[in-house]
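Asker:
There are 2 protein chains.
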Amino acid sequence: MIISMHKRIIFVITYELMMKKNYSQYPKHLLAVDCIIFGFDGNNLKILLIKRNFEPKKGEWSLMGGFIGDNETLDSAANRVLISLTGLENIYLEQLRVYSEVEREPTARIISVSYYALINIENNFEINEKYNAQWFDLNDFPELIFDHNLMVNHAVARLRYRASTQPIGFELLPVKFTMRELQSLYEAIFDETYDKRNFISKINSLDILIKTNEKDMRSSKKGSFLYRFDEKKYRNKIAKGYIFKI
Amino acid sequence: MIISMHKRIIFVITYELMMKKNYSQYPKHLLAVDCIIFGFDGNNLKILLIKRNFEPKKGEWSLMGGFIGDNETLDSAANRVLISLTGLENIYLEQLRVYSEVEREPTARIISVSYYALINIENNFEINEKYNAQWFDLNDFPELIFDHNLMVNHAVARLRYRASTQPIGFELLPVKFTMRELQSLYEAIFDETYDKRNFISKINSLDILIKTNEKDMRSSKKGSFLYRFDEKKYRNKIAKGYIFKI
DNA sequence: ACAAAAGTGTTTGCGTTACACCCATGA
DNA sequence: TCATGGGTGTAACGCAAACACTTTTGT
Chain H
1 MIISMHKRII FVITYELMMK KNYSQYPKHL LAVDCIIFGF DGNNLKILLI KRNFEPKKGE
61 WSLMGGFIGD NETLDSAANR VLISLTGLEN IYLEQLRVYS EVEREPTARI ISVSYYALIN
121 IENNFEINEK YNAQWFDLND FPELIFDHNL MVNHAVARLR YRASTQPIGF ELLPVKFTMR
181 ELQSLYEAIF DETYDKRNFI SKINSLDILI KTNEKDMRSS KKGSFLYRFD EKKYRNKIAK
241 GYIFKI
Chain A
1 MIISMHKRII FVITYELMMK KNYSQYPKHL LAVDCIIFGF DGNNLKILLI KRNFEPKKGE
61 WSLMGGFIGD NETLDSAANR VLISLTGLEN IYLEQLRVYS EVEREPTARI ISVSYYALIN
121 IENNFEINEK YNAQWFDLND FPELIFDHNL MVNHAVARLR YRASTQPIGF ELLPVKFTMR
181 ELQSLYEAIF DETYDKRNFI SKINSLDILI KTNEKDMRSS KKGSFLYRFD EKKYRNKIAK
241 GYIFKI
């Protein structure tokens, strides 16, 4: 009985090895993730960059990245990278695309998958100091290493597409926000200006916000009402065939 | 002089090794591409699948795929895979996304990047027989291995998005086509039906087609005029800020 | 009283949709 | 002559864009 068990285990192991051997002729690759981290300060879109303290390109600005492990998905690697920089969990993260130019990094062949994240900049979180991270205005940030500028361009394009078809803007705002803030956010994302009457009636027609009784008194003497995104209502509408479009 | 040259070379090699050593702590991964190949037969969107003649999942239907080499990009790997199956070069190919679930393939950890291709099914090309490939109707094709069904779903979504913002539909049609064919194509892509008068006036308002003097006599006794996509005009318009939208 | 931001409706124009009949031709 | 698909125009509607004044309140 024991021997038979043994045989069985050995057979399984051998079979697995045999099957895996099929792939041994193919090269393996270093795989990394790089994160484009967006924030919004009330006026402009911001991007969180790190100053590299290691070679190559030490001292230059880059996206935050990391290598993918043997037992993690790209999504979890991107999350891990993000948590190590900001400590924030459960933040909006979307895969963008893969960059595989053979010479994209000078010291080794590294294939990189870009992710973009949306975080509420007003959450008082601690940015891990060891990375020398800094927020930059998306309209004025330094040249980045390798193909990271290209990644940022792709991320902005995707953010615009996503923001026009899904209510992801709220990821960048505090839970409660004013109409003015929401409008400024969309103006920043799409690099346009809108008429506030048209903007508000558009938003109201979507019928996915809750107007609270609270007012934000910081911005004016009169104060402006605070709104919340009604995610439950939104999900209900989606389930009934509603299509978000802004 | 020769010695000095030697020293320089040795130094360079050592430096490279030293730099690469930094990455030796990180795992390497098998990386593949999988291609969703779309065609259009005049009525329905089609997808080209292969019947696997190797384990695992021998005999089941799958997407055409292949591993990425040390000195090729993902784009060129996808192209190589496509050429080996169809012999076709210079076809429309767009990267979709990466699939990295740890257990997505049972015999080894393989991370896969999906691409979708648009080919003109009427080009008389030879499908490489060794792959047991077959065209299926996109509304009625067999269950695929691993996460390939998910890949197809993503590809259809991307195709729809792309077709609504760029004139890629023409990749699926012969160089000369009738208005009816064009309408059928868009109806197949978006799974809707359109009023032909509205469709034609919409297309004409885009002003990117050339009406030839030729008629397609196969479809009716009267015959219907053939059109060509005016790529030059389109590029000109784009350069002047024109935004394609359908 | 005044400065500064909040809040609120109506009109116009354009693009999308709905809709039906005649034409040309081969069989 | 008839059956089949090709080709064409107009009216109604709805959403998006343009546009300006009143309210509130702290200073």
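Chains as they are written, first to last, in full-length UniProt numbering: chain H, 1 to 246; chain A, 1 to 246. All residues carry an ideal CB built from backbone N, CA and C; glycine is no exception.
For the region 202–237 of chain A, list the beta strand (DSSP E) runs that are entirely contained and at least 3 residues long, ordered along the chain.
Answerer: DSSP runs (the beta strand (DSSP E)) wholly in the region 202–237 of chain A: 209–216 and 224–229.
Asker: Residues of chain H with CB under 9 Å from arginine 162 of chain A, in chain order?
Answerer: Working through the second sequence from its first residue, we reach residue 162 of chain A at position 162. Going along chain H, no residue has its Cβ under 9 Å from arginine 162 of chain A, so there is no contact; the nearest lies around 11 Å.
Asker: Which ranges would you report for the alpha helix (DSSP H) in the UniProt domain "Nudix hydrolase" (28–158) of chain H if only whole runs of at least 4 residues count?
Answerer: 74–86
Asker: Who are the Cβ neighbours of aspartate 137 of chain A in its own chain at under 7 Å, not counting the five residues just before and after it?
Answerer: Your numbering for residue 137 of chain A matches position 137 in the second sequence. Asn44 and Lys46, listed in sequence order.
Asker: Taking 8 Å as the threshold (beta carbon to beta carbon), is glutamate 60 of chain H in contact with chain A?
Answerer: As a first step, residue 60 of chain H must be located in the first sequence, where it is residue number 60. No, glutamate 60 of chain H lies away from the interface with chain A (no Cβ there is under 8 Å from its Cβ).
Asker: Check whether the region 51–67 of chain H touches the region 55–68 of chain A, counting contact only when three or more Cβ pairs, one atom from each stretch, lie closer than 8 Å.
Answerer: no
Asker: Using only the alpha-carbon positions, how far apart do arginine 180 of chain H and phenylalanine 141 of chain H sit?
Answerer: Counting from 1 along the first sequence, the entry for residue 180 of chain H is found at position 180. Counting from 1 along the first sequence, the entry for residue 141 of chain H is found at position 141. If you draw a straight line from the Cα of arginine 180 of chain H to the Cα of phenylalanine 141 of chain H, it is about 25 Å long.
Asker: Should lysine 28 of chain H be flagged as near chain A, meaning a C-beta pair shorter than 8 Å?
Answerer: Mapped onto the first sequence, residue 28 of chain H falls at position 28. Closer than 8 Å to some Cβ of chain A, the Cβ of lysine 28 of chain H qualifies, so yes.
Asker: Between isoleucine 74 of chain H and methionine 151 of chain H, which are expected to be in contact by the criterion C-beta below 8 Å, what is the C-beta distance as a whole number of angstroms?
Answerer: As a working note, residue 74 of chain H is residue 74 in the first sequence. As a working note, residue 151 of chain H is residue 151 in the first sequence. At residue 74 of chain H the sequence reads leucine, which differs from the isoleucine that was named. Contact flag wrong, Cβ pair sits at about 14 Å.
Asker: Whose C-beta lies closer than 7 Å to the C-beta of asparagine 79 of chain H among residues of the same chain, with five residues either side of it excluded?
Answerer: Numbered from 1 along the first sequence, position 79 holds the residue referred to as residue 79 of chain H. Counting only Cβ-Cβ distances below 7 Å, and skipping sequence neighbours, we find Leu93.
Asker: Of all the CB atoms in chain H, is at least one closer than 8 Å to the CB of alanine 78 of chain A?
Answerer: For the purposes of this step, residue 78 of chain A is identified with residue 78 of the second sequence, where counting begins at 1. No, because no Cβ of chain H sits closer than 8 Å to the Cβ of alanine 78 of chain A.
Asker: For the pair the region 117–129 of chain A and the region 83–98 of chain A, tell me if three or more CB-CB distances fall below 8 Å.
Answerer: Output reads yes: the region 83–98 of chain A touches the region 117–129 of chain A.
Asker: Less than 8 Å separating the beta-carbons of asparagine 71 of chain H and valine 102 of chain A?
Answerer: Here the question's residue 71 of chain H lines up with position 71 in the first sequence. Here the question's residue 102 of chain A lines up with position 102 in the second sequence. Yes, the pair counts as a contact, with Cβ atoms nearer than the cut-off.
Asker: In chain order, what are the residue ranges of uninterrupted alpha helix (DSSP H) at least 4 long that sit wholly in the region 163–199 of chain H?
Answerer: 179–190, all fully within the region 163–199 of chain H.
Asker: Would you check if the distance between the CB atom of glycine 65 of chain A and the CB atom of serine 112 of chain A is smaller than 8 Å?
Answerer: One-based indexing of the second sequence puts residue 65 of chain A at position 65. One-based indexing of the second sequence puts residue 112 of chain A at position 112. Yes. Within cutoff.
Asker: Look at arginine 104 of chain H and aspartate 34 of chain H and say whether their C-beta atoms are less than 8 Å apart.
Answerer: Here residue 104 of chain H refers to the residue found at position 104 of the first sequence. Here residue 34 of chain H refers to the residue found at position 34 of the first sequence. No, Cβ-Cβ distance for arginine 104 of chain H and aspartate 34 of chain H is not below 8 Å.
Asker: Measuring CA to CA, which of A:Ser184, A:Arg235 and A:Asn213 is closest to phenylalanine 199 of chain A?
Answerer: Counting from one through the second sequence, the residue named residue 199 of chain A turns up at place 199. Selected option, being the one with the closest Cα: A:Ser184.
Asker: So which residues of chain A does tyrosine 23 of chain H contact, with C-beta pairs closer than 7 Å?
Answerer: Residue mapping note: residue 23 of chain H aligns to position 23 of the first sequence, counting from 1. Chain A residues near tyrosine 23 of chain H: Leu30 and Ala108.
Asker: Around the Cβ of alanine 157 of chain A, are there at least 16 other Cβ atoms within 10 angstroms (buried) or fewer (exposed)?
Answerer: Position 157 of the second sequence, counting from 1, holds the residue named residue 157 of chain A. Burial call: exposed.
Asker: What three-state label does DSSP hand tyrosine 161 of chain H in the structure shown?
Answerer: Within the first sequence, the letter at position 161 stands for residue 161 of chain H. Note: tyrosine 161 of chain H maps to helix in three-state DSSP.
Asker: Does serine 100 of chain A get closer than 8 Å to chain H when you measure Cβ to Cβ?
Answerer: Within the second sequence, the letter at position 100 stands for residue 100 of chain A. Chain H contact via Cβ: present.
Asker: Look at the alpha carbon of tyrosine 242 of chain A and the alpha carbon of glutamate 187 of chain H, and state the distance between them as a whole number of angstroms.
Answerer: Here residue 242 of chain A refers to the residue found at position 242 of the second sequence. Here residue 187 of chain H refers to the residue found at position 187 of the first sequence. Rounded to whole angstroms, tyrosine 242 of chain A to glutamate 187 of chain H spans 21 Å at the Cα level.
Asker: Can you tell me the Cβ-Cβ gap for isoleucine 210 of chain H and tyrosine 227 of chain H, rounded? I've got them flagged as a contact below 8 Å.
Answerer: The residue labelled residue 210 of chain H in the question sits at position 210 within the first sequence. The residue labelled residue 227 of chain H in the question sits at position 227 within the first sequence. Yes, isoleucine 210 of chain H and tyrosine 227 of chain H are in contact; Cβ-Cβ is about 6 Å, under 8 Å.
Asker: Find the residues of chain A that neighbour tyrosine 73 of chain H, judging by a C-beta separation of less than 7 Å, and give them in chain order.
Answerer: Working through the first sequence from its first residue, we reach residue 73 of chain H at position 73. Correcting the residue type first, residue 73 of chain H is threonine in the shown sequence and not tyrosine. Residues of chain A passing the Cβ test: Ser100, Glu101 and Val102.
Asker: On a CA-only basis, which of H:Tyr161, H:Ala133 and H:Asp230 is nearest phenylalanine 177 of chain H? Give me that one, please.
Answerer: Walking along the first sequence from the start, residue 177 of chain H turns up at place 177. Nearest option by C-alpha distance: H:Asp230.
Asker: Once the 5 residues before and after leucine 96 of chain H are set aside, which same chain residues still bring their CB inside 8 Å of it?
Answerer: On the first sequence, position 96 is the one that residue 96 of chain H refers to. Only Ile36, Val113, Ser114, Tyr115, Tyr116, Met151, His154, Ala155 and Arg158 meet the Cβ criterion.
Asker: Distance, Cα to Cα, leucine 182 of chain H vs alanine 108 of chain A?
Answerer: Taking the first residue of the first sequence as 1, we reach residue 182 of chain H at position 182. Taking the first residue of the second sequence as 1, we reach residue 108 of chain A at position 108. Their backbone Cα atoms lie some 47 Å apart in a straight line.
Asker: Using only alpha-carbon positions, find the residue among A:Arg235, A:Phe38 and A:Lys221 that is nearest to aspartate 207 of chain A.
Answerer: Numbered from 1 along the second sequence, position 207 holds the residue referred to as residue 207 of chain A. It is A:Arg235.
Asker: At a CB-CB cut-off below 9 Å, which residues of chain A make contact with aspartate 70 of chain H?
Answerer: Your numbering for residue 70 of chain H matches position 70 in the first sequence. Ordered by position in chain A, the residues that pass the 9 Å Cβ test against aspartate 70 of chain H are Pro27, His29, Val102 and Arg109.
Asker: With a Cβ-Cβ cutoff of 8 Å, do alanine 133 of chain H and leucine 49 of chain H count as a contact?
Answerer: Working through the first sequence from its first residue, we reach residue 133 of chain H at position 133. Working through the first sequence from its first residue, we reach residue 49 of chain H at position 49. Their beta carbons are under 8 Å apart, which means alanine 133 of chain H touches leucine 49 of chain H by this criterion.
Asker: In angstroms with no decimal places, state the Cα-to-Cα distance between lysine 245 of chain A and lysine 222 of chain A.
Answerer: Here the question's residue 245 of chain A lines up with position 245 in the second sequence. Here the question's residue 222 of chain A lines up with position 222 in the second sequence. If you take the alpha carbons of lysine 245 of chain A and lysine 222 of chain A, they lie about 32 Å apart.
Asker: Consider the Cβ of methionine 19 of chain A: report whether some Cβ of chain H lies at a distance smaller than 8 Å.
Answerer: For the purposes of this step, residue 19 of chain A is identified with residue 19 of the second sequence, where counting begins at 1. Because the pLDDT at methionine 19 of chain A is just 48, under 50, the model does not fix this residue reliably, and the value given afterwards should be weighed accordingly. With 8 Å as the cut-off, methionine 19 of chain A counts as an interface residue toward chain H.
Asker: I'd like to check one pair, asparagine 120 of chain A with proline 167 of chain A: are the Cβ atoms closer than 8 Å?
Answerer: Position 167 of the second sequence, counted from the first residue, corresponds to residue 167 of chain A. Position 120 of the second sequence, counted from the first residue, corresponds to residue 120 of chain A. The answer is no: Cβ separation not under 8 Å.
Asker: Give me, in chain order, the residues of the same chain whose beta-carbon lies closer than 7 Å to that of glutamate 122 of chain A; leave out the 5 immediate sequence neighbours on both sides.
Answerer: Residue numbering aside, residue 122 of chain A sits at position 122 when the second sequence is read from its first letter. Cβ within range, chain order: Pro174.
Asker: Which residues in chain A have a C-beta closer than 7 Å to the C-beta of valine 113 of chain H? List them in chain order.
Answerer: For this step, residue 113 of chain H is matched to residue 113 along the first sequence. Per Cβ cutoff of 7 Å: Val98.
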